[in-house]
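Student: The following block contains the structure, expressed as structure tokens.
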Amino acid sequence: MTDQAFAQADPEWLKLIGEARDWLAGPLGQLLLEEERRLLEEELARFFGGYLVSYGPGAEGPPKAGQIQHNVRLGAPMPGVQIVCEEQSWPLGEHAADVVLLQHGLDFSLSPHGLLREAARSVRPGGHLLILGIHPWSAWGVRRLFAQDGLAKARCIAPSRVGDWLSLLGFALEKRRFGCYRPPLASLAWQMRLRRMESWGDAWQLPGAGFYLLVARKLVVGLRPLRQSRREPMGKLLPMPVAKVSRRDLDN
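Here is the structure:
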């Protein structure tokens, strides 16, 4: 089954996901994912429902969501993925999930618009879509321009732009959070020394963080108002002829 999925998948997409997974498994990727996991668990703790669907290139398991019954991960045919599919061909029915998570899915995508439309289609009305992306206006986004690893392939789409896309797809942005304020230094010693920057950044929610988290709710489609029937004119009023009566006729 896996071999068949590999044979049918887009090789360019598989290569992109593989390079992204390798980078996320390294020290810098792990630092980013560690800070993301903390924010994700805080947000997911307030959601409930039947299904959480997550998509992204990372090798880690799906985040904890205690009040959601089923936690499913889909994506490229790689270890840890439960449902194999391409980014624009999710085998899910419309409105199938209570919560959908795109964790760096837009960063490492051949068609971010197509992926976002597919994810939006899968969220039920009133459900939520969570998006994690690398902030382009940060030290992490700048490093992408000079990187020689998988980070160089990241799109780093601005959160304001993603918010505009969500609005067009019928979502209301409820929350915007930022995390990972430490610069992308490969040295573990320097990462530990600068760890205090995370608490400072969380307190002020400064926009220069390494990643952003968008929480959007799918608007419920209300009842369509009935169109008032157009009142067609019944016809024109025409003056009726009046017979002339002479005084002689009145006297008789």
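Residues 1 to 252 in UniProt numbering are what the sequence shown spells out, letter by letter. For each residue, glycine too, the CB sits at the ideal point set by N, CA and C.
1) Please confirm whether residue 209 and residue 104 have their CB atoms less than 8 Å apart.
2) List the whole-angstrom C-beta distance separating residue 133 from residue 20, where the pair is believed to meet the contact cut-off of C-beta under 8 Å.
3) Below 8 Å, can you find three or more Cβ-Cβ pairs linking the stretch 72-90 to the stretch 109-118?
4) Along the chain, where does the beta strand (DSSP E) containing residue 97 start, and where does it finish?
5) According to DSSP, simplified to helix, strand and coil, what is residue 139?
6) Quick one: which unbroken alpha helix (DSSP H) runs of 4-plus residues sit fully inside the stretch 20-88? Chain order, please.
7) Just checking my contact of residue 108 with residue 57 at CB under 8 Å: how many whole Å lie between their CB atoms?
8) Relative to the alpha-carbon of residue 100, which residue among 80, 143 and 52 has its alpha-carbon at the smallest distance?
9) Suppose contacts are defined by Cβ-Cβ distances below 8 Å. Is residue 98 in contact with residue 50 by that definition?
10) Can you list, in chain order, the residues of its chain with a C-beta nearer than 6 Å to that of residue 143? Leave out the 5 residues immediately preceding and following it.
11) Per DSSP, residue 123 is paired with what?
12) Give a yes or no on whether the C-beta atoms belonging to residue 14 and residue 24 are separated by under 8 Å.
13) Hey, quick one: how far does the beta strand (DSSP E) through residue 179 stretch, first residue to last?
14) Would residue 102 pass as a contact of residue 68 if the rule is Cβ separation under 8 Å?
15) Can you grab the Cα-Cα spacing for the pair residue 12 / residue 211, in whole Å?
16) First and last residue of the alpha helix (DSSP H) that includes residue 268?
17) Along the chain, where does the beta strand (DSSP E) that runs through residue 211 open and close?
18) Out of 110, 29 and 216, which has the shortest C-alpha to C-alpha gap to residue 168?
19) Give me, in chain order, the residues of the same chain whose beta-carbon lies closer than 6 Å to that of residue 64; leave out the 5 immediate sequence neighbours on both sides.
20) Leaving out the 5 sequence neighbours to the left and right, which residues in its chain are closer than 6 Å to residue 54 when beta-carbon positions are compared?
21) Would you grab the beta carbon distance between residue 128 and residue 178 for me? Rounded to a whole angstrom, and I think it's under 8 Å.
Tutor: In terms of the structure at hand:
1) Contact flag unset, no.
2) Rounded, the Cβ-Cβ distance is 12 Å, inconsistent with contact.
3) Cβ pair count under 8 Å is three or more, so yes.
4) Boundaries of the beta strand (DSSP E) harbouring residue 97: 97-103, taken from the DSSP string.
5) Residue 139 falls in the helix class under three-state DSSP.
6) Listed in chain order, they are 27-44.
7) About 5 Å separates the CB atoms of residue 108 and residue 57; that is less than 8 Å, so the two are in contact.
8) Among 80, 143 and 52, the Cα nearest to that of residue 100 is on 52.
9) The answer is yes: Cβ separation under 8 Å.
10) Only residues of its own chain outside the window of five on either side were considered, and among them 184 have a CB closer than 6 Å to the CB of residue 143, listed in chain order.
11) Note: residue 123 sits in a beta bridge opposite 97.
12) 8 Å or more divides the Cβ of residue 14 from the Cβ of residue 24.
13) Unbroken beta strand (DSSP E) run through residue 179: 171-179.
14) At the C-beta level, residue 102 and residue 68 stay beyond 8 Å of one another.
15) Distance between the alpha carbons of residue 12 and residue 211: 25 Å.
16) Limits of the chain in this structure are 1 at one end and 252 at the other, which puts residue 268 out of reach.
17) Segment 211-218, the beta strand (DSSP E) holding residue 211.
18) Distances from the CA of residue 168 to each of 110, 29 and 216 were compared; the closest alpha carbon is that of 216.
19) So the list reads 41, once near-sequence residues are dropped.
20) So the qualifying residues of the chain are 62, 73 and 101.
21) The C-beta distance from residue 128 to residue 178 rounds to 18 Å, too long to fall under 8 Å, and the pair is not in contact.
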